[in-house]
Amino acid sequence: MTAVNTEMLIEVWQRLLTGPRKSWALFEHGTCVVLTAPDGDLAEQATGILREFGPVHAGSSAGDFGVIDVEDADGWVVTGHHPDVLTYVAPDEPTSPEDVAVGLYGRSKRHQDGTALRVVHVEDRRGSTDPT
-5 MTAVNTEMLI EVWQRLLTGP RKSWALFEHG TCVVLTAPDG DLAEQATGIL
45 REFGPVHAGS SAGDFGVIDV EDADGWVVTG HHPDVLTYVA PDEPTSPEDV
95 AVGLYGRSKR HQDGTALRVV HVEDRRGSTD PT
């Protein structure tokens, strides 16, 4: 897998998650957990969600994915079986731009993040009114 640039990932997720009160946590390989009900330690809350909904289990809903071609950034967002767990895939990462290749690549990144559980950035927007 391609080395991930944390600063670039933060910028991408900041462009994609524009809601002024959308708190989120970014994991090492590009998976983002959006915290719809942020409470307490956000990194800890996101880690709990990704621990449960990140690892891939073939043959179950944990192996499912969807691919979104995003307008506000180059690349794709890969969804999974939890609506608030999203993984960014850059245009140069998958072997093909076809949805299956992108989805499988994103799912593997989500699995890595769901097993390593290394938070690299937290965007705490509780109480924020500024959309930036």
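Residue 63 in the numbering used here sits at position 69 of the sequence shown, with consecutive numbering throughout.
Every residue, glycine too, gets a C-beta built ideally from N, C-alpha and C.
Q | Whole-number beta carbon distance between V79 and P88, since they are thought to touch under 8 Å | A | The pair is not a contact, with the Cβ atoms about 19 Å apart (cut-off 8 Å).
Q) Which residues in the same chain have their Cβ closer than 7 Å to the Cβ of L3, if we skip the five residues on either side of it in sequence? A) L20, G24, Y82
Q: Could you tell me the distance, in whole angstroms, from the CA atom of R120 to the CA atom of P91?
A: 36 Å
Q: Identify whether A52 lies in helix, strand or coil by the three-state DSSP scheme.
A: coil
Q.
Applying the 10 Å Cβ sphere with the 16-neighbour rule, what's the burial state of G108?
A. buried
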